[in-house]
Amino acid sequence: MDQSIEKKLSILADSAKYDVSCASSGSNRGNAKKGIGTAVGCGICHSFTEDGRCISLLKVLMTNHCIYDCAYCINRRSNDRPRAAFTPIELANLTIGFYRRNYIEGLFLSSGVLKNPDFTMERMVSVAKILRLQERFNGYIHLKAIPGASNELIHEAGLYADRLSVNIEIPTNPELKRLAPEKNHADIYKPMGLIHKGILESKEERKRYRKAPAFAPAGQSTQLIVGATPESDQQILTLATNLYSEQRLKRVYYSGYLPVNEYDQRLPAIKTPPLVRENRLYQSDWLMRFYQFKANEIVSNAHPFLDLDVDPKLAYALRNFHLYPVNVNTADYEMILRVPGIGVQSAQRIIQARKFQRLTSMHLKKIGVVMKRAQYFITNNELPAAIHDIAPERLKQQLLSAEVQKRNPVFDGQLKLFDFTVPNKLVQANRERFISH
Amino acid sequence: MILLYDSSFEGFLSVVFECYAHKLEPADVCTEESFQISAFSEKQFVPTQSSQAERVWKGWQKKLSSKLKQLPYQAFLSGERGIEFKLLQFARLSFTSPEPVDTNFGDPVILEIRKAARRVTQEAMRMIQFVRFQETKDGVFFSGVSPRYDVLSMTLYHFKNRFADQRWLVYDMKRDYGFYYDLSKIEEVTLNEKTFNVRDGRLSPDILNEGEVSYESLWNQYYKNITIKERLNLKCHKNHMPKRYWIYLTEKRNIPRSI
Ligand code: SF4
């Protein structure tokens, strides 16, 4: 039974789409010896789906056949769906063809488990091998590590891939076992630990010999499904923090549970994915990675779930009213970052601009501070003192009604994208063109 | 007095030189074409002088922070009304201060210049994102686009590195010039005969590689299948990928190729 490539692609892309991560960031791979491709540090989105997500990589499954039966997965063996499998060559050709047309940054390959973990992993690794060795492809490759695959295969995968990931999916072990009896956390942490070790070792080695092989230079990531099981945001964010600090993960992705197998009684009966909650988790994650927040400042035993009405930074400010107002002309960068309405870029601009003059509200507005929000949390000896005399609960209501809360989904890489600066060498090329002849 | 120049960046730098050399205080600086005859203003044309332009550029570079060496050029490319005068003011600020002033976001002129530069680099970034190549019968990868600003030159370093082993041609259809990479060097070219649709950049069928249509339809197929219908968010979609780029995007064009 030979399916056309087009048919396979539609089945295997359709099955892969639920994996939300698509980032191609974190790797700077130069084009070696005039092969094809480069990986750019900030990641590039080449298109956007109609659901607003970045398309950076060709994200497909090697196969959607699977011997397992995870309740939350559309590809579980008990589902009656069209199944397909790519051969390694087919997939390598497709990747190169798309890449040459500037459709993609590279390949993100995941897979259902065909026969057994080793058999599956080996096929995935061979795609990466063909791309790197035969096609001399230097673009981005993200491979899923299949729990249960041999140490050797995981290691080999790390030699060809920019990023490896193992999905945890369900945040706690008992819940995972309830929904996926054939899986457990220990089996997932094993490859994760192996990859972590591989990355550390190769970094060490590369300090000594510059030519030593790189191992997953863009690090590893994972994904958590939110809302399929009853875990609190506190449990989820604590897990994420640990993954960032202990396993040194580059990214944790949160995927609002999409009801794909409604017939399964073990799953909650919801119609739409919990998108607001997912977004609040991303915002919290963002606060932890770029705003120097700790998980226990965002959620705690007293507040185990995130406030869905307001973003976690505003929620923090309202809970810690005594820390405000912040004086923008004298406060530390860390504290300025904690002002609702001031983002990383505005905070940096404030620090730079206040060296030249005292900043007034006019300056702040032009710099990009959202004054409607920030005014309650800052002082610059100019705002009326009365503005600070309002109780947190009333302020929350006021802010909620004043600004129709614009949701600002934080997806990977996109915020960075707009900070794009032209690489220095390119600058050189320009100068030559205009100045030297 | 109003100073006029030939619309090139070198020309503008020559204006800056003139202002310094002859202590001129122009009321405005604009290109010859955009100058509107006004009975009250005196005008003077400043010829472009490469060596003087280079001197200004070198001196200016020393006065810019290391990450912003290209700032004046980028802001200049915006071609916005009045940008030259702001750049002249910026040059003055730069040359009189011992420290770089380009991070002073409190200064309205500098803020405007940074914003203009940002619009330009963002357009360049969008080209890097949204350019789509089509392969011709003789194996050249072609892309025709009409960027809002004259930014193709800013994308060359990226494309040359990335597509080092394929011949390619990126063409600015609005300004009627482009860059061709022949596996060793990049050349600026102007195509006399347009074998592509000058609106959407599609190559005409008779020079299109046979494999091309199938890659396009595979890509469109992929694009369709990767969308999660339960999560549709067209507003976000359009924010990230504004409509004016759709015309070049294989996956966003509804009209099938005519063959
Ligand atoms: S192992 Fe993966 S592909 Fe297979 S059912 Fe579980 S989640 Fe789905």
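Sequence lines, in order, name chains Z and E. Under the working numbering, think of the first position of the first sequence as 1432, with each following residue one higher. Under the working numbering, think of the first position of the second sequence as 152, with each following residue one higher. Every residue gets a Cβ at the ideal spot worked out from N, C-alpha and C, and that includes glycine.
Kindly confirm or deny that the segment 248–260 of chain E and the segment 298–311 of chain E touch, where touching means at least three C-beta pairs closer than 8 angstroms. no
*asked:* What are the residues in the segment 344–360 of chain E lying within 8 angstroms of chain Z by C-beta distance?
replied: none
Put Z:VAL1770 into one of helix, strand or coil per three-state DSSP.
coil
E:LEU400 versus E:CYS387: straight-line alpha-carbon distance, rounded:
17 angstroms
Q) Secondary structure at Z:SER1435, three-state DSSP: helix, strand or coil? A) coil
Q.
Report the CB separation of E:TRP319 from E:PHE292 in whole angstroms; it is logged as a contact under 8 angstroms.
A. 4 angstroms
Contact under 8 angstroms by Cβ, Z:ILE1626 with Z:LEU1595: yes
**Asked** Taking just the CA atoms, how far does E:VAL340 sit from Z:GLN1714?
**Response** 47 angstroms
Three-state class that DSSP yields for Z:CYS1504 in the structure shown:
coil
Q. Does the Cβ-Cβ distance between E:SER355 and E:ASP323 come in under 8 angstroms?
A. no
- request: Report yes or no: do the segment 1614–1632 of chain Z and the segment 1692–1710 of chain Z share at least 3 C-beta pairs separated by less than 8 angstroms?
  value: no
Z:LEU1476 vs Z:SER1487 beta-carbon contact at 8 angstroms: Reading off the sequence shown, one finds Cys at residue 1476 of chain Z, where the question assumed Leu. Yes, the Cβ-Cβ distance between Z:CYS1476 and Z:SER1487 is below 8 angstroms.
| Are Z:ALA1659 and Z:TYR1688 touching if we call contact CB-CB under 8 angstroms? | yes
Notebook entry, point to check: Just how far apart, CA to CA, sit Z:ALA1748 and Z:GLU1709?
Noted result: 21 angstroms
(Q) Less than 8 angstroms between CB atoms is the rule here; does Z:GLU1437 satisfy it with respect to chain E? (A) yes
query = Does any heavy atom of the ligand SF4 sit closer than 7 angstroms to the C-beta of Z:TYR1499?
reply = yes
So, helix, strand or coil for Z:ASP1664, using DSSP? helix
Given 7 angstroms as the limit, tell me if Z:VAL1657 has its C-beta closer than that to any heavy atom belonging to the ligand SF4.
no
Would you check if there are 3 or more beta carbon pairs closer than 8 angstroms linking the segment 1666–1682 of chain Z to the segment 336–352 of chain E? no
- Item | Start-end ranges of the alpha helix (DSSP H) lying completely within the segment 284–353 of chain E, minimum 4 residues | 307–313
Through-space distance from Z:ILE1798 to Z:ILE1781, alpha-carbon basis
8 angstroms
- Residue range of the unbroken alpha helix (DSSP H) whose run includes Z:ILE1520: 1519–1531
Can a CB atom of chain Z be found closer than 8 angstroms to the CB of E:ILE279? yes
Rounded straight-line distance, which links the Cα of Z:ARG1641 to that of Z:VAL1775
34 angstroms
Review point. What number of angstroms, rounded off, separates the C-alpha of E:HIS391 from the C-alpha of Z:TYR1685?
Key: 21 angstroms
Next on the checklist: Among the candidates Z:THR1480, Z:ASP1593 and Z:ASN1510, whose CA atom is the shortest distance from the CA of Z:GLY1474?
Outcome noted: Z:ASP1593
Where E:ILE377 meets chain Z, residues with beta-carbon distance less than 7 angstroms: ALA1444, LYS1448, THR1480, ILE1486 and LYS1490
### Task
Taking Z:CYS1476 as the query, report the chain E residues whose CB atoms sit under 9 angstroms from its CB, ordered along the chain.
GLN280, HIS391 and MET392
Next on the checklist: Taking 6 angstroms as the limit between beta carbons, can you name the residues of its chain near Z:ARG1405, skipping five residues before and five after?
Outcome noted: With chain Z represented from 1432 up to 1868, any question about residue 1405 of chain Z goes unanswered, as that position is not in the structure.
Considering only the alpha carbon of each residue, which of E:LYS389, E:TRP211, E:GLN200 and E:ARG404 lies closest to Z:GLY1483? E:LYS389
Q) When the Cα of E:VAL367 is compared with those of Z:GLY1528, Z:ILE1821 and Z:MET1719, which residue comes out closest? A) According to the sequence shown, residue 367 of chain E is Glu rather than Val. Comparing Cα positions, the closest option is Z:GLY1528.
Is DSSP giving Z:SER1686 helix, strand or coil here? strand
Worksheet entry | For Z:VAL1741, three-class secondary structure by DSSP | coil
(message) So for Z:GLY1543, helix, strand or coil by DSSP?
(response) coil
*In this structure, does DSSP put Z:SER1652 in helix, strand or coil?*
strand
Exercise for review: Consider the C-beta atom of Z:ASP1579 and the heavy atoms of the ligand SF4; say whether any pair is separated by less than 7 angstroms.
Suggested key: Strictly speaking, residue 1579 of chain Z in this sequence is Gly, with Asp absent from that position. No, since every heavy atom of the ligand SF4 falls outside the 7 angstroms radius drawn around the Cβ of Z:GLY1579.
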